[in-house]
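So the mapping is simple: the working numbering equals the position in the sequence shown, first residue as 1, plus 1205.
Cβ atoms here follow ideal geometry from the backbone N, Cα and C, with glycine treated the same way.
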Amino acid sequence: MNFVIRVRRAAGPGAHVFWQEFAYEGDESESVAAALRELNARTPLTDLEGREAPPVRWECGCACGKCGACAMRVNGLPMLACKAFLGPLGRTVTLEPLSKFPLVADLVVDRGVIFEQLKKIHLWLSGKAVTREKTHELRFQSARCLMCGCCLEICPNFSAGGGFAGALAAVGAYRMFNQESDEPHRAEAAKRYVKHYYAGCGTSLACRDICPAGIPVDELISRSNAAAVWRRRS
């Protein structure tokens, strides 16, 4: 089957932005990641107009939906290139970088802001980890977060320069709230969580269905919210 891979390109931050289209012949069961690998293997790589083009810059780690590195916008929606299959996408597949993060080049962005937001809430353990059997399943689900940024990309309240940490932080907060034995640290994290997540969430729940790992985002948000607000009131 013949596809057109349409890529939003820029050599770097502030560089000229343009669109470039490439012909790709493959099976509809193939992934966007497979198509990008095949395009970049061409010597030379030429676009639909016959012009020679530099390889498309993009990131890939595991190629099996476990690392989150290949997150990008595919036909306007954030998803992992390795889990986006050509068949349902149509004959023209449009690829863009995530728009909420600083551009590096082509489809590569700097997602360092994710970790800066987690640090603002103090989402780490200060004391010995305490585990409770009844929280095992949800802690496991929380730990499956890929830090890919898809939930932040689709969130109307998140911006890279803002103070709202997004659903990714709420998902991670569940583990900290349920494992931290250092009560002062947990109380401080709860205070920061309210400021950087709870107070800024518009409850659009756009994050609920976009998670490529299938994490129960809404349940984890609800439980993290309850834990943080209860601690502040108690």
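Item, Value
"Beta-carbon separation (whole angstroms), Leu1330 vs Gly1377, contact threshold 8 Å", "Leu1330 to Gly1377, Cβ: 12 Å. No contact."
"Rounded distance between the beta-carbons of Asn1207 and Ala1228, thought under 8 Å", "7 Å"
"Contact check, His1401 vs Gly1366, beta carbons under 8 Å", "no"
"Assigned exposure category for Pro1283 - 16 Cβ within 10 Å defines buried", "buried"
"Stretch pair the segment 1267 to 1276 + the segment 1285 to 1292: three plus CB contacts closer than 8 Å", "yes"
"Residue from Lys1325, Ala1238, Ser1409 with nearest C-alpha to Arg1397", "Lys1325"
"Anticipated Cβ contact below 8 Å, Ala1258 with Thr1251, distance rounded", "6 Å"
"Beta-ladder partner(s) of Val1298, from DSSP", "Ile1210"
"Own chain partners of Ser1386 with C-beta closer than 6 Å, once the 5 adjacent residues on each side are dropped", "Gly1332, Lys1333, Val1335"
"Cα-Cα separation between Arg1337 and Phe1345, rounded to whole angstroms", "12 Å"
"Residues that DSSP places opposite Glu1338 in a beta bridge", "Note: Glu1338 sits in no beta bridge, so no partner."
"Where the alpha helix (DSSP H) containing Tyr1403 begins and where it ends", "No alpha helix (DSSP H) holds Tyr1403; DSSP gives it neither H nor E."
"Assigned exposure category for Asp1315 - 16 Cβ within 10 Å defines buried", "exposed"
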